[in-house]
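When we follow the working numbering, the leftmost residue of the sequence shown carries the number 44, and every step to the right adds one.
Positions of the beta carbon are idealized from the N, C-alpha and C atoms, including for glycine.
What follows is a set of notes on a single structure, which appears directly below.
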Amino acid sequence: MNILIMGPAGSGKGTMSAKILESFKIPHISTGDMFRANIKEGTELGKKAQEYMNAGKLVPDEITVAMVADRLKQPDCQAGYLLDGYPRTLVQAKSFENLSKEIAKPVEVVINLVVEFEALADRITGRRMCKNCGAIYHVRNHPSQVEGICDVCGSPLIQRADDTEEQLRVRLDEHEKNTKPVLDYYREKGLVVDINATRSIDEVWNDVAAALENVK
Ligand code: AMP
């Protein structure tokens, strides 16, 4: 299955992606995670991406497009893909159209998670992430057993530099400006399924699973 998952920061893309991967044996390709991994490893790519990410801005298209093209050409993508956070601009979407033809893996469905600002602000400012393994928590909705410590690996939890209300506004503006045209582009192709993601995880998952079932 070839799936795109879209939605603003805090809409639950990570949570729904994890659930999708329980049902489909496909690689999860998150451009945000790829950039964070590069920053952690101190690569050239990471150095270039960091200033944009910390400012809540999109990393330039030429950097992002090349990184995704490399990844999609890996053999594990023959099974399909779950692309999370990409494409985020029309330039990326059009370039992805060519790439997906080249590897014969056209997009089959676009899951669009829709959440209002207030709910996003609450999710984002309360979000904590394990520095080591990337596990996600929320100070109220999903706290770790010991405050500030990851349940999975015992490492310290951190707040992402871009997880503040101020940065959220910048990221949502970017989302509105750049990503709405991408959604319209896929909407015209009849591929978008809008899902109200302000509800509980189970309710959202029910709708996501139904949308994927429809594609099969
Ligand atoms: P995310 O983890 O998806 O919220 O992404 C975090 C940050 O990584 C974004 O605010 C951007 O700075 C950068 N990023 C992730 N995906 C993309 C993309 N497709 N195009 C440009 N920048 C991206």
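- Contact check between the region 162 to 171 and the region 182 to 190: three or more CB pairs, one atom from each, fall below 8 Å, which counts as touching.
- Close CB contacts of residue 214 within its chain, under the 8 Å cut and outside five residues either way in sequence, are with 51, 52, 99, 205 (chain order).
- Residue 59 and residue 87 have their alpha carbons spaced roughly 31 Å apart.
- Distance between residue 57 and residue 224, taken at the CA atoms: about 22 Å.
- Burial is judged here by how many other beta carbons sit within 10 angstroms of a residue's own beta carbon; residue 46 has at least 16 and is buried.
- In the displayed model, residue 111 falls within a helix according to three-state DSSP.
- Note on geometry: alpha-carbon atoms of residue 122 and residue 165 lie some 36 Å from one another.
- With 16 or more neighbouring CB atoms inside 10 Å of its own CB, residue 127 falls in the buried class.
- Short of 7 Å from the beta carbon of residue 192, and not among the five residues preceding or following it, lie these beta carbons of its own chain, in chain order: 199, 200.
- The nearest non-hydrogen atom of the ligand AMP is 7 Å or more from the C-beta of residue 172.
- When secondary structure is reduced to three states using DSSP, residue 184 falls in the coil class, being assigned neither helix nor strand.
- Runs of the alpha helix (DSSP H) lying entirely within the region 45 to 75, each at least 4 residues long, are 56 to 66 in chain order.
- For residue 146 against residue 116, the beta-carbon gap comes to about 7 Å, under 8 Å, which counts as contact.
- In the displayed model, residue 203 falls within coil according to three-state DSSP, outside both helix and strand.
- In this model, residue 83 and residue 54 are separated by some 24 Å (Cα to Cα).
- Closest in alpha carbon position to residue 101, among 135, 70, 112, 113, is 135.
- In the assembly as shown, residue 149 is an exposed residue. Its beta-carbon has fewer than 16 other beta-carbons within 10 Å.
- With respect to residue 153, residue 238 sits apart: the two C-beta atoms are not nearer than 8 Å.
- Taking a 10 Å sphere around the C-beta of residue 64, we find fewer than 16 other C-beta atoms and assign the residue as exposed.
- Of 252, 241, 48, 69, the smallest CA-CA separation from residue 162 is found for 241.
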